[in-house]
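Enquirer:
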Ligand code: BG6
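Residue numbers (our numbering): 542 to 1034.
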């Protein structure tokens, strides 16, 4: 579908996210001829820069994030011709006149305001946009995380932005929803008849969702110290993945049909009490170690670190969903930095066969398992039992593999490309609604409060491992293992 012409205004337009992700994504869309020829990108910042100074920064900071093979001087020049730089102090209404002057007034030009700024600026920006007449009915606003740091601040953001923009104009980004594999999960569940009848407590034993990163906190210490793994990854990315795995079939893929179902999952997550929390939530912090053979410092020794920091860089949770479909099925969620590998995957483990007709005892059968891989490559793996060739009925686990990159040799879109395109088209399905955001914080908040009130520290784990031993114990208590712990056994069979 062709896009209508737009002025995209980026607050925080000279910041890290814009340079690393947003501008490279826009370049890719431009190169793929997705952007209307006259569409413009207006970057807003506090610096008193000329356009030339801004473009020098883009050259230096954004260009290196574009795959060299996709850069041609002509394309780059055409892309740069779309830019304007406007110097605005987000909190000072008087400075918005420069933005008013720079924007087009034709009703046919959609206005998109992308707020890649700290959330503390959202309220002032929205109010100032309204007071200078820029927040019109053909405007949209995009909100980047962190969308609050607890339930109250999330509610405040919703209220502040909601005073100026209608819910249908608000795009709350969770970039995990823009990942190809996450949308493929919708296709897998609701485009096939095979899995849905089994997708329930009668047949599924447990679900594991892991987002592991080898990277440490890098140069984001300032932000990370106010966040930690629970706020940074669990409250948003992991819960959104859980919603897509666990939701009931939506009526359609229209925004509210999908978001209504996701909301029901969030509302039916079992609330933690101090007792259940102590048992079911593990937090950790990396100490020095080796990642890919390279020695790396512990979190407390990273540049600008607080040597006594209690910020968690790892969290594992055993969650439960109180519905007819899922009662009693544990959802183990975990995420961490400086882990043994960089991967994101969802593992759906089915129940064991009820009885074996083969000489082999039932216990030695591997239960079927579906692995939905999001990163590093997206794909599916289905583990089945098969007979080994030759005499006798000796069964062995085998894998059916589907590599989406191999299967579809068409160009792919990065999550930000996909989501920006959806914003420009006005498609809200892959964005969070205000009530979803609040429901996610409602579930997370007791954990935050418990940690704040407790004297305990995050459990240390060595960089380059899978997190504290307590995370293995969390799942081991139920007689289960994380997938990587179970793998060697399967290979030995
Ligand atoms: C971001 C977090 O939202 O997601 C980062 O703030 C994290 O801490 C990143 O590294 C992970 O995203 P991806 O797409 O690289 O898995």
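For glycine and all other residues, C-beta sits at the position ideal for the given N, C-alpha and C.
Go to residue 598, then tell me how far its alpha helix (DSSP H) extends in each direction, as first and last residue.
Expert: Per DSSP, residue 598 belongs to the alpha helix (DSSP H) from 592-602.
Enquirer: What residue range does the beta strand (DSSP E) around residue 821 cover?
Expert: Where residue 821 is concerned, there is no enclosing beta strand (DSSP E), although the alpha helix (DSSP H) it sits in stretches over 815-821.
Enquirer: Take residue 709 as the anchor and find which of 743, 653 and 657 has the nearest alpha-carbon.
Expert: Residue 709 has its Cα closest to that of 653, out of 743, 653 and 657.
Enquirer: Suppose you measure from the CA of residue 803 to the CA of residue 788; what does that come to, to the nearest Å?
Expert: Computed Cα separation, rounded: 6 angstroms.
Enquirer: For residue 949, tell me which candidate among 722, 549 and 666 has the shortest Cα-Cα distance.
Expert: Answer by Cα proximity: 722.
Enquirer: In the structure shown, what three-state DSSP assignment does residue 894 receive?
Expert: The answer is coil: DSSP assigns residue 894 none of H, G, I, E or B.
Enquirer: Rounded to whole angstroms, what's the CA-CA distance from residue 1009 to residue 999? Just pull it up for me.
Expert: Straight-line Cα distance between these residues: approximately 9 angstroms.
Enquirer: Given 8 angstroms as the limit, is there contact between the segment 567-585 and the segment 620-631, that is, 3 or more CB pairs closer than that?
Expert: A contact exists between the segment 567-585 and the segment 620-631.
Enquirer: Straight-line CA distance for residue 953 to residue 701?
Expert: Approximately 36 angstroms between the Cα atoms of the pair.
Enquirer: Near residue 958, which residues of its chain fall below 7 angstroms by C-beta distance, leaving aside the five closest residues on each side in sequence?
Expert: Same-chain partners within the cutoff: 566, 569 and 570.
Enquirer: So, for residue 843: in the same chain, excluding its five sequence neighbours on each side, which residues have a beta-carbon less than 7 angstroms away from its beta-carbon?
Expert: Counting only Cβ-Cβ distances below 7 angstroms, and skipping sequence neighbours, we find 757, 758 and 762.
Enquirer: For a test of your reading of the model: does the CB of residue 885 fall under 7 angstroms from any non-hydrogen atom of the ligand BG6? Yes or no.
Expert: For the ligand BG6, at least one heavy atom lies less than 7 angstroms from the Cβ of residue 885.
Enquirer: Determine the DSSP secondary structure at residue 607, reduced to helix, strand or coil.
Expert: Correct three-state label for residue 607: coil.
Enquirer: From 637, 633 and 618, pick the residue whose C-alpha is nearest to that of residue 627; which is it?
Expert: Out of 637, 633 and 618, 637 has the C-alpha closest to the C-alpha of residue 627.
Enquirer: Grouping DSSP H, G and I as helix and E and B as strand, with all else coil, what is residue 584?
Expert: In this structure, residue 584 counts as strand in the three-state DSSP scheme.
Enquirer: Is residue 686 near the ligand BG6, going by C-beta to nearest heavy atom under 7 angstroms?
Expert: The answer is yes for residue 686.
Enquirer: With a 10 Å radius around its C-beta and 16 neighbouring C-beta atoms as the bar for buried, classify residue 717 as buried or exposed.
Expert: Residue 717 should be labelled buried.
Enquirer: Could you tell me if residue 849 is buried or exposed, where buried requires 16 or more neighbouring beta carbons within 10 angstroms of its beta carbon?
Expert: The residue in question, residue 849, is exposed, as its Cβ has fewer than 16 Cβ neighbours within 10 Å.
Enquirer: Could you tell me how far apart the beta carbons of residue 983 and residue 800 are, in whole angstroms, since I believe they sit closer than 8 angstroms?
Expert: So it is not a contact: roughly 16 angstroms between Cβ atoms.
Enquirer: What residues in its chain sit with their C-beta under 7 angstroms from that of residue 785, if we drop five residues either side in the sequence?
Expert: Only 723, 726 and 727 meet the Cβ criterion.
Enquirer: Out of 996, 543, 574 and 689, which has the shortest C-alpha to C-alpha gap to residue 659?
Expert: Of the listed residues, the one whose Cα sits closest to residue 659 is 689.
Enquirer: Report the option in 840, 880 and 822 whose CA atom is closest to the CA atom of residue 991.
Expert: The shortest C-alpha separation from residue 991 is found at 822.
Enquirer: Consider the C-beta atom of residue 618 and the heavy atoms of the ligand BG6; say whether any pair is separated by less than 7 angstroms.
Expert: No, Cβ of residue 618 sits at least 7 angstroms from all heavy atoms of the ligand BG6.
Enquirer: Using only the alpha-carbon positions, how far apart do residue 895 and residue 906 sit?
Expert: C-alpha separation (whole angstroms): 11 angstroms.
Enquirer: Quick check on DSSP: helix, strand or coil for residue 1032?
Expert: Bear in mind that a pLDDT of 44 at residue 1032, under 50, signals an unreliable position, so the model cannot answer this.
Enquirer: Counting pairs of Cβ atoms below 8 angstroms between the segment 867-876 and the segment 737-749, do you hit three or more?
Expert: Touching, per the Cβ criterion.
Enquirer: Any heavy atom of the ligand BG6 closer than 7 angstroms to the beta-carbon of residue 826?
Expert: False, no ligand heavy atom lies under 7 angstroms from that Cβ.
Enquirer: Look up residue 746 in the DSSP assignment and say whether it is helix, strand or coil.
Expert: It is a strand residue.
Enquirer: Rounded to whole angstroms, what is the Cα-Cα separation between residue 820 and residue 813?
Expert: In a straight line, the C-alpha of residue 820 is about 10 angstroms away from that of residue 813.
Enquirer: Using a threshold of 7 angstroms, is the CB atom of residue 947 nearer than that to any non-hydrogen atom of the ligand BG6?
Expert: Residue 947 Cβ: outside cutoff for every heavy atom of the ligand BG6.
Enquirer: In three-state terms, what does DSSP make of residue 770?
Expert: Correct three-state label for residue 770: helix.
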